[in-house]
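Going by UniProt numbering, the residue at position 46 of the sequence shown is 46; the numbering climbs one at a time, nothing skipped.
All residues carry an ideal CB built from backbone N, CA and C; glycine is no exception.
Shown next, in structure tokens, is the structure this report addresses.
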Amino acid sequence: MSKRAAIGAALVVAVVAIAASWLWPRGLAPSAPPPAADDAAQLRTLVPAGLSASCQPEVAASPAVSQLKCINEHDPSGPASARFMLAKDADDLPELLRRSVEDAQIVVCPNNMQSPGPWRRNAAPSEIAGTLICAVHGNRSLIAWSTAAHNLVSVAEGDAQGPSLTQLYTWWTVNS
């Protein structure tokens, strides 16, 4: 092959390579946030078993990315209703927790537990799992808590017929 032919072939290869790099599909775009359906599915896995069958999705209140409302029809020791909210990240948990009790009167939790205050799982008493708030709203008791490991805020409420704050707190100690 002559020197001219080799240069011509090299030019053709270079032009094809440049054109291909412009026309060839790019790699995958940066990953987008997971779709809302994935958030709802993840949230369902975090709901206590006694409530999970009755949960329905709700429009998520900011800064939540997914929200479920559950009406207790099967657990006589549980709350009348509960709401579970998945935050985008841990930075959103304090705001989401604050908003969940903004119309309620915060009170000291049963067993003289600080409210709001840190809570711990019995299996890991040296690790703070999140923040706990006990409150009353009219004639309803409520307990709200964050679970940092799951970016979760949960609110369990009684109604006029109960449970009392002490009963709700007992349920929470088993189901948090």
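For the region 74-149, the continuous alpha helix (DSSP H) assignments of 4+ residues that do not extend past its boundaries occur at 93-100, in sequence order. Inter-segment contact for the region 93-102 and the region 116-135 is present: three or more beta-carbon pairs are separated by less than 8 Å. Residues of the same chain with a CB within less than 7 Å of the CB of P110, apart from the 5 flanking positions on each side, are L165, T166, Y169 in chain order. Annotated as proximal: Q105 and H137, with beta-carbon spacing under 9 Å.
Residue pairing for L68: DSSP places it in a beta bridge opposite P57, F84. Residue range 152-157 is occupied by the beta strand (DSSP E) that includes V153. Excluding five sequence positions before and after C55, the CB atoms of its chain that fall closer than 6 Å to its own CB belong to V47, L68, C70, given in chain order.
By the Cβ-count criterion, V108 is exposed, with fewer than 16 other Cβ atoms from all chains shown falling within 10 Å of its own Cβ.
L152 is a Cβ neighbour of A87, given a cutoff of 9 Å. G117 counts as exposed, since fewer than 16 other C-beta atoms from the protein chains shown sit within 10 angstroms of its C-beta.
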